[in-house]
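Residue numbers (the numbering used here): 179 to 362.
Following this line, the structure appears as structure tokens:
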């Protein structure tokens with residue numbers, strides 16, 4: 179019988195020996211026989227119990243997003259959208275392609291939302307270089323124009339999705355989540 183420890187205030191799995199840190203996800207208990215130990219916010223043991231239904235372990239995490247956009251207003255809007263989403267975490271923000279690559283190397287984000295036309299070589303250069311320094315990072319192209327040539331260039335550079343600025347907030351967040359889920 180396994181022991182699973184959960185801190186429901188942080189909505190994440192933790193071990194008895196490690197203190198709670200920032201929330202990283204919601205764990206669903208899926209083990210054939212396990213002992214469940216639940217904790218209150220103050221760390222005291224709130225309840226224990228056993229489950230015996232046959233299941234498998236699963237974790238839902240917060241995906242880390244790099245935003246690369248040269249327009250400071252658009253950049254801030256994207257950051258604000260990430261902060262309001264429970265599954266997305268803004269890992270880093272860049273104003274040009276060179277900075278985006280440097281941040282991707284350091285932060286290793288799950289996904290990078292790249293402005294197609296930004297200083298330092300633009301989205302295509304940033305996408306190629308990010309894929310080189312952080313191979314698991316998925317790329318989403320973000321453009322002011324619905325341009326076939328730009329779509330083709332970004333796709334050949336490794337972009338998984340192409341979104342036109344002005345798309346609904348829901349469509350943008352759904353696209354980011356979808357790309358992240360495809361990665362998992």
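Ideal Cβ placement from N, Cα and C applies to all residues, glycine included. Predicted, not measured: the structure shown is a model, and the values here were computed from it.
Around the beta carbon of residue 359, fewer than 16 other beta carbons lie within 10 angstroms, which makes this residue exposed. Bounds of the beta strand (DSSP E) holding residue 271 are 266-272. In the DSSP secondary-structure assignment, residue 357 is not bridged to any residue.
Per DSSP, reduced to three states, the secondary structure at residue 346 is coil, with no helix or strand assignment. Assignment of residue 288 by DSSP, reduced to helix, strand and coil, places it in the coil class.
Distances from the CA of residue 272 to each of 350, 247, 289 were compared; the closest alpha carbon is that of 247. The beta carbon of residue 268 sits closer than 7 Å to those of 243, 245, 257, 260, 261, all from its chain and outside the five residues before and after it, given in chain order. Distance from the CA of residue 303 to the CA of residue 263, rounded to the nearest whole angstrom, comes to 29 Å. If you draw a straight line from the Cα of residue 345 to the Cα of residue 323, it is about 11 Å long. In the structure shown, residue 307 falls within a helical segment according to DSSP collapsed to helix, strand and coil. Residue 357 and residue 339 have their alpha carbons spaced roughly 8 Å apart. Taking a contact as a CB-CB distance under 8 Å, the pair residue 321 and residue 282 does not count as one, their CB atoms being some 19 Å apart. In this structure, residue 275 places its C-beta atom within 7 Å of the C-beta atom of residue 299. Judged by beta-carbon spacing, residue 294 lies within the 7 Å limit of residue 319, meaning their Cβ atoms are closer than that value. Residue 341 and residue 285 have their alpha carbons spaced roughly 23 Å apart.
Under DSSP, the beta-bridge partners assigned to residue 321 are 342. Assigned with DSSP and collapsed to three states, residue 240 falls in coil, not helix or strand.
Assignment of residue 335 by DSSP, reduced to helix, strand and coil, places it in the coil class.
For residue 294, there is no enclosing alpha helix (DSSP H), as DSSP marks it with neither H nor E. Check the Cα spacing between residue 354 and each of 332, 291, 296: the tightest is with 291.
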